[in-house]
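Peer 1: Provided herewith is a single structure, encoded as structure tokens, for subsequent inquiry.
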Amino acid sequence: MADISFRDAFVENMQALGWSFPSTFMSDLGTLLTAATAMVTAVQFVGAGATMAELASSITALGASTAATTAALELILIAGAAYAAYFIGNVIGSILVAAWRSNAHEFGMVLNWAREQFDRLGQNLMSVVHNIMDSLDMRFPSLLHLLR
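Under the numbering used here, the first residue of the sequence shown is numbered 14, with each subsequent residue one higher.
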């Protein structure tokens with residue numbers, strides 16, 4: 014496995030999916046897990062078809078921690094007007110890819126976290142799973158079999 018940081022692997026995967034990130038974007042695994050969890054909670058609240066603006070409003074209203082809110086809002090600004098479930102699927106998939114590429118010892122924990130988020134998303138699961146599979150790409154066939 015290549016020697017790459019979590020942040021670099023995450024940004025690289027998101028960029029491969031067409032999301033541009035500022036060079037100042039800095040986030041670690043823990044912050045991104047918390048931010049993505051806050052985003053999943055917000056999607057449960059407003060629905061998968063919500064715009065990113067609706068998602069941002071609900072994250073703030075739901076009272077996530079300051080660090081999680083800041084990271085989630087930064088991710089939302091990057092996404093622009095995309096639909097929430099699509100973007101969150103890309104974020105979760107990129108977190109999985111980055112954890113797999115940079116911290117193999119943490120991958121099991123991240124995989125369990127992702128499964129927990131899927132359970133929380135309920136009806137929205139299929140659209141999110143589709144987006145995650147897109148974000149994992151066929152470059153990582155050994156990773157894809159773990160999700161089946």
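For glycine and all other residues, C-beta sits at the position ideal for the given N, C-alpha and C.
Just so you know, these numbers come straight off a predicted model, no measurement behind them.
Please report the Cβ distance between SER115 and PHE19, rounded to the nearest whole angstrom; I am assuming they are in contact, meaning their Cβ atoms lie under 8 Å.
Peer 2: For this step, residue 115 is matched to residue 102 along the sequence shown. For this step, residue 19 is matched to residue 6 along the sequence shown. The pair is a contact, with the Cβ atoms about 4 Å apart (cut-off 8 Å).
Peer 1: Nearest to MET52 by alpha carbon, out of SER71, ARG128, ASP41?
Peer 2: Stepping through the sequence shown from its first residue, residue 52 is reached at position 39. It is SER71.
Peer 1: If you follow the alpha helix (DSSP H) that GLY43 is in, where does it begin and where does it stop?
Peer 2: Locating residue 43 in the sequence shown gives position 30, counting from the first residue. Per DSSP, GLY43 belongs to the alpha helix (DSSP H) from 42 to 59.
Peer 1: Could you tell me whether the Cβ atoms of ALA49 and ALA111 are closer together than 9 Å?
Peer 2: Position 36 of the sequence shown holds residue 49. Position 98 of the sequence shown holds residue 111. Going by C-beta atoms, ALA49 is not nearer than 9 Å to ALA111.
Peer 1: Beta-carbon separation of VAL59 and ILE101 under 9 Å?
Peer 2: As a first step, residue 59 is located in the sequence shown; it is residue number 46 there, counting from the start. As a first step, residue 101 is located in the sequence shown; it is residue number 88 there, counting from the start. Contact flag unset, no.
Peer 1: Starting from the C-beta of ILE17, find all residues in its chain whose C-beta is less than 7 Å away, skip the five residues before and the five after it, and write them out in chain order.
Peer 2: Mapped onto the sequence shown, residue 17 falls at position 4. Here the set comprises ARG114, SER115.
Peer 1: Using alpha carbons as the reference points, say which of ASP132, MET122, THR54, ALA74 lies closest to GLY43.
Peer 2: Sequence index remark: in the sequence shown, residue 43 carries index 30 (1-based). Among ASP132, MET122, THR54, ALA74, the Cα nearest to that of GLY43 belongs to MET122.
Peer 1: Do ALA84 and LEU109 have their beta-carbon atoms positioned less than 9 Å apart in this structure?
Peer 2: By 1-based counting over the sequence shown, the position of residue 109 is 96. By 1-based counting over the sequence shown, the position of residue 84 is 71. Taking 9 Å as the Cβ cut-off, LEU109 and ALA84 do not qualify as a contacting pair.
Peer 1: Go through its chain and collect everything with a Cβ distance to TRP126's Cβ below 7 Å, but skip five positions before and after it.
Peer 2: Working through the sequence shown from its first residue, we reach residue 126 at position 113. Excluding positions up to five away in sequence, the list reads LEU46.
Peer 1: Rounded to a whole number of angstroms, what is the C-alpha to C-alpha distance between ALA94 and HIS118?
Peer 2: Your numbering for residue 94 matches position 81 in the sequence shown. Your numbering for residue 118 matches position 105 in the sequence shown. For ALA94, the predicted structure reports a pLDDT of 45, less than 50, and the residue's modelled location is therefore unreliable. The matter cannot be settled from this model.
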